Amino acid sequence: MTDKEQQRPAALVTGAATRLGLAFATALADRGCDIALHYHHSSEQAQQQAELIRCRGVRCETFPFDLADDDPGCLVEQVYHCFPRLQVLINSASAYHAGTIANTDRALLQKQFSVNFFAPYLLSGSFAKQVASGSIINILDNKIAFQQYQYGAYLMSKKALAEFTKLAAMEFSPRIRVNGIAPGVVLPGETRTGDYIDWRIQGIPLQRQGRVEDLIRAMNYLLDSDFVTGQILFVDGGEGMNHLGLNAEEYESGDKVE
Numbered sequence: 433m434t435d436k437e438q439q440r441p442a443a444l445v446t447g448a449a450t451r452l453g454l455a456f457a458t459a460l461a462d463r464g465c466d467i468a469l470h471y472h473h474s475s476e477q478a479q480q481q482a483e484l485i486r487c488r489g490v491r492c493e494t495f496p497f498d499l500a501d502d503d504p505g506c507l508v509e510q511v512y513h514c515f516p517r518l519q520v521l522i523n524s525a526s527a528y529h530a531g532t533i534a535n536t537d538r539a540l541l542q543k544q545f546s547v548n549f550f551a552p553y554l555l556s557g558s559f560a561k562q563v564a565s566g567s568i569i570n571i572l573d574n575k576i577a578f579q580q581y582q583y584g585a586y587l588m589s590k591k592a593l594a595e596f597t598k599l600a601a602m603e604f605s606p607r608i609r610v611n612g613i614a615p616g617v618v619l620p621g622e623t624r625t626g627d628y629i630d631w632r633i634q635g636i637p638l639q640r641q642g643r644v645e646d647l648i649r650a651m652n653y654l655l656d657s658d659f660v661t662g663q664i665l666f667v668d669g670g671e672g673m674n675h676l677g678l679n680a681e682e683y684e685s686g687d688k689v690e
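In my numbering, the protein residues as written are 433 to 690.
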C-alpha cells in the first residue's frame with residue numbers, strides 16, 4: 433500500500449448497494465474516500481457496485497450485515513479493522529412500510545425502529561468509540577415535519593432519529609460532528625405513479641422534483657462545513673415549510689394508505 437493510500441480517509445455507508453445509499457457511496461469515492469459498502473440482501477448488486485467504485489481509484493470492500501437482528505456495533509468494528517482511517521458514517525439504510533397506528537403490530541414497530549433508529553444509534557456510538565475525529569450524517573425524511581399517520585411506525589422512527597442527531601452532536605462534540613439530511617421527493621418508491629409525483633410537486637414551493645445531485649451537494653456541504661453540527665438540512669424544495677403537509681399526507685388516486 434502506498435503512502436497516499438494509507439492517508440486516504442474511509443467512509444461507512446449503510447444500505448449502499450442501491451438507491452440513495454449507493455449515490456452517497458459513489459460521491460464519497462469521488463471525494464477520495466475508501467468505501468465500506470454495507471448491504472443486507474443485495475449481494476449481487478453490492479459486488480457489482482463495489483467493482484465500479486474501485487474503478488474510481490479507491491478501495492471498496494463490502495460488508496453484509498442485518499441491521500435489524502445483529503449488533504450494529506460489530507459492523508463498525510469490522511469496518512474499522514479493515515479501514516483504520518474511518519472518518520465518515522452515513523446512516524442511509526432504511527425500512528419503509530405502511531401502517532396506521534391502529535394497524536401497526538409489534539413486529540412492524542420493531543422492524544421500523546430496529547433499522548431506522550436503533551441501528552443508527554448503536555452504529556454512531558460504536559463509531560464514536562473507534563475514531564479520533566469524523567462526521568456522521570443521518571438520512572432522514574422531510575416528512576418528519578408532518579404528521580403522516582399512514583406510515584406511523586416509519587415516521588416515528590425517523591422523528592426519533594432526528595432528535596438523536598441533535599443529542600449525539602452534543603455528546604460527540606468537538607471530535608465528531610453529527611448532522612442530518614431530510615430529503616423530499618427525490619427517488620420515490622417503484623410503486624409511486626407519475627400522477628402521485630405530479631401531485632406532490634404541486635405542494636413544493638420550488639415546483640420540481642428533487643434530484644440525487646441535490647442530496648450529494650447537501651452531503652458535501654455538511655462534510656466540508658466544520659462549524660456545523662446538530663443540524664437537520666431539509667433538501668425538499670421548501671415542502672417541509674408547510675407544516676400542514678400540503679400534498680404530502682393523503683393521495684386520493686390509489687396511493688392513499690387506509
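Yeah, the Cβ is synthetic: ideal placement off N, Cα and C, and Gly gets one too.
Note that the structure is predicted; figures quoted are calculated from it, not measured.
- Across the structure, Gly672 and Ala577 are spaced so that their CA atoms are roughly 6 Å apart.
- A Cβ-Cβ separation of about 5 Å places Phe497 in contact with Leu507 under the 8 Å criterion.
- Using a Cβ-Cβ distance cut-off of 8 Å, the region 543-563 and the region 483-495 are not in contact, since fewer than three pairs of beta carbons, one from each stretch, lie closer than that value.
- Note on geometry: alpha-carbon atoms of Met588 and Thr532 lie some 11 Å from one another.
- Pairing Val617 with Gln582 gives a Cβ-Cβ distance that is not under 8 Å.
- DSSP lists Phe495 as the beta-bridge partner residues of His470.
- Put simply, the region 513-528 does not touch the region 478-490. Fewer than three CB pairs are less than 8 Å apart.
- Measuring C-alpha to C-alpha distances from Gln519 to each of Ala443, Ala468, Thr458, Ile569 identifies Ala443 as the nearest.
- Considering only Lys575, Ala601, Asn674, the residue with the shortest C-alpha distance to Lys590 is Lys575.
- Close CB contacts of Leu654 within its chain, under the 6 Å cut and outside five residues either way in sequence, are with Ile569, Asn611 (chain order).
- Taking each of Pro615, Arg632, Gly670 in turn and checking the Cα distance to Ile648, the smallest one comes out for Pro615.
- Under the DSSP assignment, Ile636 falls outside any beta strand (DSSP E); it carries neither an H nor an E label.
- Distance from the CA atom of Glu595 to the CA atom of Arg486, rounded to whole angstroms, is 35 Å.
- Following the DSSP letters along the chain, one finds Phe666 in no alpha helix (DSSP H) but inside the beta strand (DSSP E) bounded by residues 664-667.
- With a cut-off of 8 Å on Cβ pairs, the region 657-670 is in contact with the region 598-607, counting three or more such pairs.
- Nearest neighbour of Val511 by Cα position, chosen from Tyr553, Leu521, Ala468, turns out to be Ala468.
- A direct Cα-to-Cα measurement between Arg451 and His470 gives close to 13 Å.
- As the crow flies, the alpha-carbon of Pro441 is around 37 Å from that of Arg624.
- The beta carbon of Lys598 is closer than 7 Å to those of Gly662 in its chain, skipping five residues each way along the sequence.
- Non-local C-beta neighbours of Ala500 in its own chain, meaning closer than 7 Å and more than five positions away in sequence, comprise Lys543, Ser546, Val547, ordered along the chain.
- In the three-state scheme derived from DSSP, where H, G and I count as helix and E and B as strand, Gly626 is classed as helix.
- Residue pairing from DSSP leaves Gly447 without any beta-bridge partner.
- Per DSSP, Tyr512 has no beta-bridge partner at all.
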